[in-house]
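Peer 1:
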Amino acid sequence: MLISVNECLKYNDYIQKKKNDFLGETNICNGSTCEIDANCTLNNMDITFPNINCHELHNVQKEDQKEPIATNYSTLEIGFFLILSFLAFFLIFLFLSKMTPLGSLIRNYLIRKNIIKKKINEEEYDELFQYSFNSEPPDSGNRGYYVDYTTLRN
C-alpha cells in the first residue's frame, strides 16, 4: 500500500505519463498482438492504466471539498462579544458626537424636524420648574431677610 497521499499522487502522475507515452506510439500493436489478458491490453488503456483515487484511499478530503470548520462558542462568549460590540459602538458614537461636528449636525437636524420640541410637553415643562414665569413663589412675601451690618474699623 502507498504510504502517503503525496506518494500516491506521484504514482498517479507516473501512470498518466506512461499512458500518454503508449498513446503516442500508435503503430506498436496491430489487432490483438499487444493483449496479454483482459486486464492488461493496450487496446483498452483505461483498464491497463487505471487512475487511483488517492484521497479516498487514505480517507483524506481534497482541499476544495473540506467542510467548513464550525467553531462552537458558548452562549456566555456570544453574549460577551455582543455586549462588547454594543459598548464599542456606543463609545465610538459618543466620541464622534462630542469631538467632531457630527453631534451638532445631528442636533441641528433634530431641531429642524421639531423632534425635540414635540417630545417636551407644556405639562412636563411646568412639572420640572414648578412655577410659571409670570408668578412668584407663594412664600416669597413672608420671607424675612436678616442682614447683619458691621462697621469698618479704621
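Convert by adding 1 to the 1-based position in the sequence shown; the result is the number in my numbering. C-beta: ideal position from N, C-alpha, C; glycine also.
Rounded to the nearest angstrom, what separates L97 and T76 at their Cα positions?
Peer 2: Position 96 of the sequence shown holds residue 97. Position 75 of the sequence shown holds residue 76. When rounded, the distance between both Cα atoms is 31 Å.
Peer 1: Would you mind stating whether N13 and I53 have Cβ atoms separated by less than 8 Å?
Peer 2: The residue you call residue 13 lines up with position 12 of the sequence shown. The residue you call residue 53 lines up with position 52 of the sequence shown. Contact flag set, yes.
Peer 1: For the alpha helix (DSSP H) containing L153, list its first residue and its last residue.
Peer 2: For the purposes of this step, residue 153 is identified with residue 152 of the sequence shown, where counting begins at 1. No alpha helix (DSSP H) contains L153, which DSSP labels as neither H nor E.
Peer 1: Just to confirm, is the Cβ distance from F50 to K11 under 8 Å?
Peer 2: What you label residue 50 is simply residue 49 of the sequence shown in a count that begins at 1. What you label residue 11 is simply residue 10 of the sequence shown in a count that begins at 1. No, they are not a contact pair.
Peer 1: Is K18 helix, strand or coil by DSSP?
Peer 2: Taking the first residue of the sequence shown as position 1, residue 18 is located at position 17. Correct three-state label for K18: helix.
Peer 1: For N7, name the three-state secondary structure that DSSP assigns.
Peer 2: What you label residue 7 is simply residue 6 of the sequence shown in a count that begins at 1. N7 falls in the helix class under three-state DSSP.
Peer 1: Go to T76, then tell me how far its alpha helix (DSSP H) extends in each direction, as first and last residue.
Peer 2: Here residue 76 refers to the residue found at position 75 of the sequence shown. From DSSP, the alpha helix (DSSP H) with T76 extends over 76 to 100.
Peer 1: Tell me the rounded alpha-carbon separation between F87 and I79.
Peer 2: Translated into the one-based positions of the sequence shown, residue 87 becomes position 86. Translated into the one-based positions of the sequence shown, residue 79 becomes position 78. Approximately 12 Å between the Cα atoms of the pair.
Peer 1: Between D47, N73, V6, which has its C-alpha nearest Q17's C-alpha?
Peer 2: As a working mapping, residue 17 is identified with position 16 in the sequence shown. Looking at the Cα atoms, D47 is the closest of the given residues.
Peer 1: Is DSSP giving F23 helix, strand or coil here?
Peer 2: The sequence position of residue 23 within the sequence shown is 22, counting from 1. Here F23 sits in helix by DSSP.
Peer 1: What first and last residue would you give for the alpha helix (DSSP H) that runs through L109?
Peer 2: To locate residue 109, count along the sequence shown from 1; it is residue 108. Reading the sequence as shown, one finds Asn at residue 109 and not Leu. Where N109 is concerned, the enclosing alpha helix (DSSP H) stretches over 103 to 113.
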